[in-house]
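Visitor: With the numbering used here applied, the sequence shown corresponds to residues 1 to 123, in that order.
Quick reminder that beta carbons are idealized off the backbone N, C-alpha and C, glycines included.
Computed from a predicted structure; not experimentally measured.
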Amino acid sequence: MAAAMYNQITGTFDAHSAGTYVGSTLEPEGVEIQKYFQTPDFFELMEEKGIYIRNNRTKKLIPKMIEESSIVVSMAEEPFIPDFLSNNKKVILWEVKNPPLATRDVSEKTYNQIKGLMEKLLN
């Protein structure tokens, strides 16, 4: 969500999304993210905002990605924060909860929270 929002706001494709849990047996790499949502509410909200990410695929965050980036924003939650992420000066940690069920209301609140954090980052 945050990478797509950044790219929309800036008119670039500079931001990329990757996860720290991806690659586990419960979340293999390369799976369409829509398979992890129980309702379409989140994707419908994003599409109303002009962001289509329904078919995006999971990708695992690796140290090389951080090395090649000028800044990294992480919303990873314990216990899924690897040392290479938590001990890096390029990393900004945002406390955004990963809800177990992304209803319309929860999706809107999360979108607005990330939008506010994004505006602070860009100003």
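Excluding the 5 residues flanking residue 86 on each side, which residues of the same chain have their C-beta closer than 6 Å to its C-beta?
Guide: So no residue of the chain qualifies.
Visitor: Does residue 19 pass the burial test, meaning 16 or more other C-beta atoms within 10 Å, or should it be called exposed?
Guide: Residue 19 should be labelled buried.
Visitor: To the nearest angstrom, how far is it from the Cα of residue 26 to the Cα of residue 70?
Guide: So the alpha carbons of these two residues sit roughly 30 Å apart.
Visitor: Tell me the rounded alpha-carbon separation between residue 107 and residue 12.
Guide: The straight-line gap from Cα to Cα measures roughly 24 Å.
Visitor: Can you tell me which residues form a DSSP beta bridge with residue 93?
Guide: Per DSSP, 74.
Visitor: Starting from residue 19, follow its DSSP beta bridges and name the residues at the other end.
Guide: Residue 19 is bridged to 60.
Visitor: Could you give the distance in angstroms between the alpha-carbon of residue 84 and the alpha-carbon of residue 109?
Guide: Straight-line Cα distance between these residues: approximately 30 Å.
Visitor: Could you pull the DSSP bridge partners for residue 24 from this structure?
Guide: Its beta-bridge partners are 27.
Visitor: Answer with buried or exposed for residue 24, where buried requires no fewer than 16 other C-beta atoms within 10 angstroms of its C-beta.
Guide: Residue 24 comes out exposed.
Visitor: Flag this pair as yes or no: are the beta carbons of residue 96 and residue 113 separated by less than 7 Å?
Guide: Yes.
Visitor: Taking Cβ to Cβ, would you say residue 4 is nearer than 7 Å to residue 51?
Guide: Cβ distance < 7 Å, so residue 4 and residue 51 count as in contact.
Visitor: With distances taken between CB atoms, is the gap from residue 21 to residue 80 smaller than 7 Å?
Guide: In contact: residue 21 and residue 80 (Cβ atoms closer than 7 Å).
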